[in-house]
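Letter by letter, the sequence shown follows residues 1 to 196 in our numbering.
Don't be surprised by glycine CBs; every beta carbon is placed ideally from N, CA and C.
From a predicted model like this one, the values you see are computed outputs, not experimental measurements.
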Amino acid sequence: MINSIAGTYSGRSGSLLYLAFNGIEWGIEATESAIVHAAASKTPVKVFTYLHHREDQMILYGFYTTEERAVFLELIKVSGIGPKQAMRMLSGIGTDELVRALDAGDTDRLSLLPGIGKKTAAKIVLALRGKLKLDDGAKSQEQFPDIIEALIGMGFDRRKSRKALDELRKDTKYAAYKGDELEKQLFRDAIVYLSS
């Protein structure tokens, strides 16, 4: 299994993301969040992947986070939902909102997505309601979202980045820092922590 691909953004064509690394340019069918993140980054990015193999072709699907990939893998287990449909759903609504809609049984919200009617929405809710969990500290609840996003942009995992910040914040030395200085120091220390 190819868990992830790291490379420099070299373009896009629709939902196809191009990443270049060591003279090879990868074409990855990616979620909108993965493409936007890669395009905005000035440094190499990591895209989490899933290789879908059929008789006549192999397609590499790309995701911004491991959580996004986990939701995708659950979606394609639902009868009638293939990888392309699951990707359209994730790009159309986002992982957190999709999980919330499933947990709430919000078939109206799901049926607004391209290619999803009321029956399909009901089938997805029936299959996945309560089975998908939002990450404990979803992005909207993170105390230092800019630091987390910067660390992810450097290739670190979201959960490990959050854990690193939680551990670092236990140190009383950070009480001496305020505002931007606090964020800069936490960012530097988080890189050292995650690299060790």
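When the Cα of residue i is compared with those of the options, which residue comes out closest?
i	options	result
Ala164	Ser196, Glu55 and Phe48	Ser196
Gln185	Arg158, Ile152, Ser161 and Ile147	Ile147
Leu113	Asp103, Glu97 and Phe156	Glu97
Phe187	Ala176, Ala175, Glu149 and Lys170	Glu149
Gly62	Thr107, Lys84 and Leu102	Lys84
Lys160	Glu67, Arg12, Ile2 and Asn22	Glu67
Leu182	Leu132, Phe144 and Met154	Phe144
Ala70	Ser79, Gly80 and Ala86	Ala86
Can you tell me the Cα-Cα spacing of residue i and residue j, whole angstroms?
i	j	result
Val99	Ala40	26 Å
Gln141	Arg158	Since pLDDT at Gln141 reaches only 41, below the 50 mark, its modelled position is unreliable, and no value is offered.
Tyr193	Ala176	20 Å
Asp166	Gln57	44 Å
Gly14	Leu60	15 Å
Leu51	Asp180	41 Å
Tyr18	Ala121	31 Å
Trp29	Ile35	At residue 29 the sequence reads Glu, which differs from the Trp that was named. So the two alpha carbons sit approximately 9 Å from each other.
Phe72	Leu168	32 Å
Lys131	Ala104	12 Å
For the beta strand (DSSP E) containing residue i, name the first residue and the last one.
i	result
Arg129	It is not in any beta strand (DSSP E) - Arg129 carries neither H nor E in the DSSP assignment.
Ala6	Ser4 to Ser13
Ala20	Leu16 to Phe21
Given a threshold of 16 other Cβ atoms within 10 Å of its Cβ, counted over all protein chains shown, does residue i qualify as buried or as exposed?
i	result
Lys119	exposed
Glu25	exposed
Leu126	exposed
Glu55	exposed
Phe21	exposed
Thr172	exposed
Go to residue i, then tell me how far its alpha helix (DSSP H) extends in each direction, as first and last residue.
i	result
Gly117	Taken as a continuous stretch (DSSP letters only), Gly117 belongs to no alpha helix (DSSP H), as it is neither H nor E.
Val36	Glu32 to Ala40
List the whole-angstrom C-beta distance separating residue i from residue j, where the pair is believed to meet the contact cut-off of C-beta under 8 Å.
i	j	result
Gly92	Lys123	Wrong, their Cβ atoms sit about 17 Å apart, outside the cutoff.
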